[in-house]
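Engineer: Protein sequence lines correspond, in order, to chains A and B. In case it helps, my numbering puts the first sequence at residues 27 to 139. In case it helps, my numbering puts the second sequence at residues -11 to 101. Submitted below is the structure of interest, expressed as structure tokens.
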Amino acid sequence: DQQVKQNSPSLSVQEGRISILNCDYTNSMFDYFLWYKKYPAEGPTFLISISSIKDKNEDGRFTVFLNKSAKHLSLHIVPSQPGDSAVYFCAAISQGGSEKLVFGKGTKLTVNP
Amino acid sequence: GAGVSQTPSNKVTEKGKYVELRCDPISGHTALYWYRQSLGQGPEFLIYFQGTGAADDSGLPNDRFFAVRPEGSVSTLKIQRTERGDSAVYLCASSPGTPGEQYFGPGTRLTVT
């Protein structure tokens, strides 16, 4: 049973526009959430994270929003650039244990010039 | 500095054979994780080491899978009697201990024919 769900396998946007990637989770024990970016033949690289005590975290062009009541988070990229084209994984942690990452299936973002 | 390295980058083996996959973590990182990513899926947790000991091996699919980290640095994932369903990219990550701060290697693509 998928505890972290990314229901959109792919997303295509124009350069300069906003990209919004969505993620839902089912496990209420998750208290820390992360987004990873992955290029082909490379391992995932950390992008941005948010603790469950916050509802927004911003880092340059990237903002993550967390709605705990809806068990939903989203990643906003603005403005989108062609170099942002990659697979984006949402991941969650329940802190205090092994802190293993539980990943969604990923969303492939394509930013068209 | 050097990131996480994994060898080999690709491994093709016949069904029933034994394979070893190696991970060299970032120097000084005490925590080490193994994940497996099948086609179209996100990475799935296999095992977590804190130092030399396996602190959480709940993700290992069965007793054909085993991992060691004898000196608290390099780790080896061992798969006995490989099956075609073991074909996947095996990812290793190391962490200095900060929640969610896991640095991934490029992975080993295992193909079982």
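Backbone N, C-alpha and C define an ideal beta-carbon position, used for all residues, glycine too. In this text, all values refer to a predicted model and were calculated from it rather than measured experimentally.
List the residues of chain A that B:G39 touches, going by C-beta distances under 8 Å, in chain order.
Structural biologist: Under the 8 Å cutoff, chain A gives no residues; its nearest Cβ is about 13 Å from B:G39.
Engineer: Kindly list the residues whose CB is nearer than 7 Å to the CB of B:P94, restricted to its own chain and excluding five residues on each side of it in sequence; keep chain order.
Structural biologist: Excluding residues within five positions, the ones whose Cβ falls inside 7 Å are Q(-6) and S(-3).
Engineer: Quick one: give me the first and last residue of the beta strand (DSSP E) that A:Q40 is part of.
Structural biologist: S36 to Q40
Engineer: How would you label B:Y36, buried or exposed, when you count the other beta carbons within 10 angstroms and need 16 or more for buried?
Structural biologist: buried
Engineer: Since A:Y58 and B:G88 should fall inside the 8 Å C-beta cutoff, what is the C-beta to C-beta distance between them, to a whole number of angstroms?
Structural biologist: Going by Cβ atoms, the distance from A:Y58 to B:G88 rounds to 6 Å, so yes, they are a contact pair.
Engineer: With a threshold of 8 Å between beta carbons, is B:D12 in contact with chain A?
Structural biologist: It does not; no Cβ of chain A falls within 8 Å.
Engineer: Have a look at A:E68 and B:K(-1) and give me their C-alpha separation to the nearest angstrom.
Structural biologist: Using only the alpha carbons, I get a separation of about 16 Å.
Engineer: Could you tell me how far apart the beta carbons of B:G28 and A:K64 are, in whole angstroms, since I believe they sit closer than 8 Å?
Structural biologist: That pair is no contact at about 13 Å.
Engineer: Between which two residues does the beta strand (DSSP E) holding B:A(-10) run?
Structural biologist: No beta strand (DSSP E) holds B:A(-10); DSSP gives it neither H nor E.
Engineer: How would you write the range of the beta strand (DSSP E) that B:Q38 sits in, first residue to last?
Structural biologist: E32 to Q38
Engineer: Counting only the same chain and skipping the five closest in sequence on each side, list residues whose C-beta sits under 8 Å from that of A:P108.
Structural biologist: E41, V137, N138 and P139
Engineer: Looking only at DSSP bridge pairs, what is A:I76 linked to?
Structural biologist: Assignment of beta-bridge partners to A:I76 by DSSP yields A:F59.
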